[in-house]
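Residue numbers (full-length UniProt numbering): 1 to 228.
Cβ coordinates follow ideal geometry from the N, Cα and C atoms, glycine included.
Let me begin by presenting the structure, written as C-alpha cells, before commenting on it.
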C-alpha cells in the first residue's frame, strides 16, 4: 500500500534572507528542493504546502511604492496572488524533475481558502508583522486613516501587525483529497492559506490576517489522514 505525506516547503527555502527576490533565484532554489522531493514521489502520495512570508512581504513593499499609481490590494488578495505565483514555480520545478527521472505524475496547484473563527482572540491582539517599515509619522497616519495596528520593530521603524488566527477548516479539502487519491501531486494551503470567515448563510469572505503555515499544514495532514 502506498504511503502518504504532507510536505511543507518553507518560504526561506524558496528565497533566502540574503538573496535577491527574483524569479531566477526562486526557480534555482525550488529546482534544488524538487531534486530531493522527486526521490520519494515515485511510490508515495504527497500533498505539498509552502510558506510565503518573504514573497508576500516583498509584494506589500512593491505595492507601497506604487500606491500613488495603483491602489494596494488587501492582504487576503495578496495571499492569493503569492499562492498562484509560488504554486506555479513549485509545480514547474517538480514537473521538470519528474520528467528528468522519467516519472509520470500529474501536479496541480490549488489556491486554497482556510476558515478561521471571527471570535479568535488573535483578532483582538494582532502580533504578526507584515509589509514595509514606516516612520512614526507615517505609521500614525496609516493607523488613523486605515485603522491599521502599528508596532515598533526593533528600533528600525514601525510595521503593520495583523492577526494570526488558528486554522479551522480547509474549504477545498474534498478537491485535495480527490486529487491525492488519484495520484495527483497537489500544492495547497500556500502561506497558510487565504484566511476566510464563513457566514451563517454559507458565504465566505476574506479577512486581513496571516495563518501560520505549519499550523495549516498540520490541519491539512489531519484532514487527509496521511501517514507522515
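How far does the beta strand (DSSP E) with residue 162 in it extend, from its first residue to its last? Mapped onto the chain shown, residue 162 falls at position 162. Per DSSP, residue 162 belongs to the beta strand (DSSP E) from 158-162.
Over what stretch of residues does the alpha helix (DSSP H) that includes residue 27 continue unbroken? Position 27 of the chain shown, counted from the first residue, corresponds to residue 27. Its alpha helix (DSSP H) spans residues 23-41.
Do residue 133 and residue 169 have their CB atoms nearer than 9 Å? Position 133 of the chain shown, counting from 1, holds the residue named residue 133. Position 169 of the chain shown, counting from 1, holds the residue named residue 169. For the pair residue 133 and residue 169, the CB atoms are not nearer than the 9 Å cut-off.
Looking at C-alpha atoms only, which residue of 158, 82 and 181 is the closest neighbour of residue 191? Working through the chain shown from its first residue, we reach residue 191 at position 191. Relative to the Cα of residue 191, the nearest Cα in the group 158, 82 and 181 belongs to 82.
Which residue's Cα is closest to the Cα of residue 174: 211, 138, 150 and 186? Here residue 174 refers to the residue found at position 174 of the chain shown. Comparing C-alpha distances from residue 174 to each of 211, 138, 150 and 186 shows the shortest one belongs to 186.
How big is the Cα-Cα spacing for residue 55 and residue 43? Here residue 55 corresponds to residue number 55 of the chain shown, with the count starting at 1. Here residue 43 corresponds to residue number 43 of the chain shown, with the count starting at 1. About 32 Å.
Helix, strand or coil at residue 95 according to DSSP, with G and I counted as helix: Counting from one through the chain shown, the residue named residue 95 turns up at place 95. For residue 95, the three-state secondary structure derived from DSSP is helix.
When the Cα of residue 37 is compared with those of 113, 109 and 91, which residue comes out closest? Translated into the one-based positions of the chain shown, residue 37 becomes position 37. Of 113, 109 and 91, the residue nearest in Cα terms is 91.
Determine, using beta carbons only, whether residue 194 and residue 63 come nearer to each other than 9 Å. Residue 194 sits at position 194 when you count from the first residue of the chain shown. Residue 63 sits at position 63 when you count from the first residue of the chain shown. Cβ distance not < 9 Å, so residue 194 and residue 63 don't count as in contact.
Would you check if the distance between the CB atom of residue 73 and the CB atom of residue 14 is smaller than 9 Å? As a first step, residue 73 is located in the chain shown; it is residue number 73 there, counting from the start. As a first step, residue 14 is located in the chain shown; it is residue number 14 there, counting from the start. Contact flag unset, no.
Pick helix, strand or coil for residue 186, following the three-state DSSP scheme. Mapped onto the chain shown, residue 186 falls at position 186. The three-state reading of DSSP puts residue 186 in strand, counting E and B together.
Assign residue 101 to buried or exposed, taking buried as 16 or more other Cβ atoms, counted over all protein chains shown, within 10 Å of its Cβ. Numbered from its first residue, the chain shown carries residue 101 at position 101. Counting Cβ neighbours within 10 Å, residue 101 comes out exposed, since fewer than 16 surround it.
Nearest neighbour of residue 124, chosen from 184, 148 and 33 [CA to CA]: The residue you call residue 124 lines up with position 124 of the chain shown. When only C-alpha atoms are compared, the closest one is 148.
Would you list the one or two residues that DSSP bridges to residue 8? Mapped onto the chain shown, residue 8 falls at position 8. DSSP output for residue 8 lists 49 as bridge partner(s).
Does DSSP put residue 70 in a helix, a strand or coil? For the purposes of this step, residue 70 is identified with residue 70 of the chain shown, where counting begins at 1. Three-state DSSP puts residue 70 in coil, outside helix and strand.
Coarse secondary structure for residue 100, derived from DSSP in three states: The sequence position of residue 100 within the chain shown is 100, counting from 1. Three-state result, residue 100: helix.
Residues bridged to residue 108 (per DSSP): Sequence index remark: in the chain shown, residue 108 carries index 108 (1-based). Under DSSP, the beta-bridge partners assigned to residue 108 are 186.
Counting contacts by CB-CB distance shorter than 9 Å, is residue 201 in contact with chain C? Checking the listed chains, one finds no chain C in this structure; it contains a single protein chain.
Cβ shell of residue 30 (< 7 Å), same chain only, five flanking positions each side left out: By one-based count along the chain shown, residue 30 stands at place 30. The answer, listed in chain order, is 14, 89, 90 and 93.
CA-to-CA distance, residue 118 to residue 225, given in whole angstroms: Taking the first residue of the chain shown as 1, we reach residue 225 at position 225. Taking the first residue of the chain shown as 1, we reach residue 118 at position 118. So the two alpha carbons sit approximately 27 Å from each other.
Spatial neighbours of residue 4 within its chain, please: CB distance less than 6 Å, with the 5 preceding and 5 following residues excluded, ordered by chain position. As a first step, residue 4 is located in the chain shown; it is residue number 4 there, counting from the start. 45, 226 and 227, listed in sequence order.
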